[in-house]
Amino acid sequence: MAMVNAQIEDATAASVVASLRRLSFTYPNGTEALDGLSLDIPEGSVLGVCGPSGCGKSSLLALLAGIRRPTAGEIVWSDDPAVREGRAPRHPLSMVFQKDTLLPWATIDANVRLFHTLNKSRRAEADEIVSELLELAGLTAFKDAYPYRLSGGMRRRAAFISALAAQPRLLLLDEPFSSLDEPTRVAIHQDVFDILRRLRTTVVLVTHDLAEAASLCDEIVILTHRPASIATRHRVPFGAERVMMELREQTEFLELYGRLWHDLSRQIQRGPTESKGVDDR
6 MAMVNAQIED
16 ATAASVVASL
26 RRLSFTYPNG
36 TEALDGLSLD
46 IPEGSVLGVC
56 GPSGCGKSSL
66 LALLAGIRRP
76 TAGEIVWSDD
86 PAVREGRAPR
96 HPLSMVFQKD
106 TLLPWATIDA
116 NVRLFHTLNK
126 SRRAEADEIV
136 SELLELAGLT
146 AFKDAYPYRL
156 SGGMRRRAAF
166 ISALAAQPRL
176 LLLDEPFSSL
186 DEPTRVAIHQ
196 DVFDILRRLR
206 TTVVLVTHDL
216 AEAASLCDEI
226 VILTHRPASI
236 ATRHRVPFGA
246 ERVMMELREQ
256 TEFLELYGRL
266 WHDLSRQIQR
276 GPTESKGVDD
286 R
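Pasting the structure below:
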């Protein structure tokens, strides 16, 4: 019987936000999306998830978000370290979607502080958090503007920090920058990376953009065709200090991109009926 949101009693698991244990999911119409997927999400890390189109990446995010329940296996969440340290618990998770979800009738400031507006117990800290996030995203001068007045890149930044305003333990990103042109996307990558490192946010990023994954992530998993399991895992060696415009010119980056593309193309060519395996790299 599937279990979701089970608690880890052992304090040694505090470095892991969540553990996916042989997670499987089948839609009511019989479509199998995930098959025995096992994965840890380390605290403070950015985990990239890539795979063939339609392989189950969004289904994985839906399970993490609690929108769907697994057919088999479990998601085991660790205790919040803030609670053990006597501080207020962090919000469990936030999500940034592919499409723009900013409230069009609200200013950027109002959008970013929406979580605190709806949560009376957290309003006292809103001004400091919102002010810091607007500054980090370069949007302080536009805090009183409405979303339609901003460029696509600025709206994406606003949506991103709106999700971070809740200070979530886990941030889910579902193709959040795919609608932007390449130069704008690379520029946003730098801002996003710097903010995530500053706030030590734990992230699961689903993306089709292998360069984006290599730029932002600490580890990248390539999924098989549906029903998805993990085909290969890649550690990203670039550390906590990255300059995006320079990173993409480095030999190490190009080599990682090549390995990612090789493994992804293999899964695309194999199709859903081929055998599966896991390879750590």
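Per our numbering, the sequence shown starts with residue 6, numbered consecutively. Backbone N, C-alpha and C define an ideal beta-carbon position, used for all residues, glycine too.
Pair within 8 Å by beta-carbon distance, residue i and residue j
i	j	result
isoleucine 193	arginine 162	yes
valine 241	leucine 228	no
arginine 238	glycine 59	no
alanine 141	isoleucine 200	Going by the sequence as given, residue 141 is leucine instead of alanine. For leucine 141 and isoleucine 200, yes; Cβs fall inside 8 Å.
valine 101	aspartate 223	no
phenylalanine 147	leucine 155	yes
leucine 177	threonine 206	no
tyrosine 153	proline 109	yes
alanine 236	glycine 61	no
arginine 27	alanine 77	yes
glutamine 195	methionine 249	yes
aspartate 114	arginine 160	no
valine 21	serine 99	no
Nearest residue (CA-CA) to residue i, options the options
i	options	result
glutamate 79	Lys104, Ile113, Ala23	Ala23
glycine 157	Ile166, Ser136, Leu169, Phe182	Phe182
valine 226	Glu37, Ser29, Gly56, Val21	Gly56
glutamate 69	Tyr153, Leu44, Asp85, Pro86	It should be pointed out that residue 69 corresponds to leucine in this sequence rather than to glutamate. The shortest C-alpha separation from leucine 69 is found at Leu44.
arginine 203	Glu246, Val117, Asp179	Glu246
phenylalanine 30	Ser64, Phe165, Gly49	Ser64
glutamate 257	Trp266, Val248, Phe243	Phe243
arginine 190	Pro86, Gly49, Thr212, Gln272	Thr212
aspartate 85	Gly49, Pro109, Asp196, Phe120	Gly49
leucine 39	Val21, Ser20, Arg74, Ala164	Arg74
aspartate 214	Gly143, Val81, Trp266	Trp266
arginine 174	Asp114, Gln274, Ile46, Thr145	Ile46
glutamate 1	Leu123, Glu130, Arg253	Examination of residue 1 is not possible in this model, given that the chain is present from 6 through 286 alone.
isoleucine 72	Glu37, Thr36, Tyr32	Tyr32
Anticipated Cβ contact below 8 Å, residue i with residue j, distance rounded
i	j	result
leucine 25	leucine 42	6 Å
alanine 170	threonine 112	Their Cβ separation, rounded to whole angstroms, is 14 Å, which puts alanine 170 and threonine 112 out of contact at 8 Å.
asparagine 116	serine 184	With a Cβ gap of about 18 Å, asparagine 116 and serine 184 do not count as contacting.
glutamine 272	glutamate 180	Between glutamate 180 and glutamine 272 the Cβ distance is about 18 Å, and since that is not below 8 Å, they are no contact.
leucine 269	glycine 53	No, leucine 269 and glycine 53 are not in contact; Cβ-Cβ is about 12 Å, not under 8 Å.
valine 197	phenylalanine 165	6 Å
Chain D contact for residue i (CB, 8 Å cutoff)
i	result
arginine 74	Absent from the structure: chain D. Only one protein chain is present.
Cβ contact (3+ pairs, closer than 8 Å) linking the region 255-269 and the region 204-223: The region 255-269 is in contact with the region 204-223.
Quick check on the DSSP output: what are the complete beta strand (DSSP E) runs of length 3 or more inside the region 25-108, in order along the chain? The region 25-108 contains these whole beta strand (DSSP E) runs: 37-47, 51-55, 77-82, 96-101.
For the region 176-258, which segments carrying the alpha helix (DSSP H) assignment without a break, of at least 4 residues, lie completely within its bounds, in sequence order? You should have 187-204, 215-221, 249-252.
Can you give, in chain order, each stretch of the alpha helix (DSSP H) that sits fully within the region 149-178 and has at least 4 residues? Counting only runs of 4 or more, we get 157-169.
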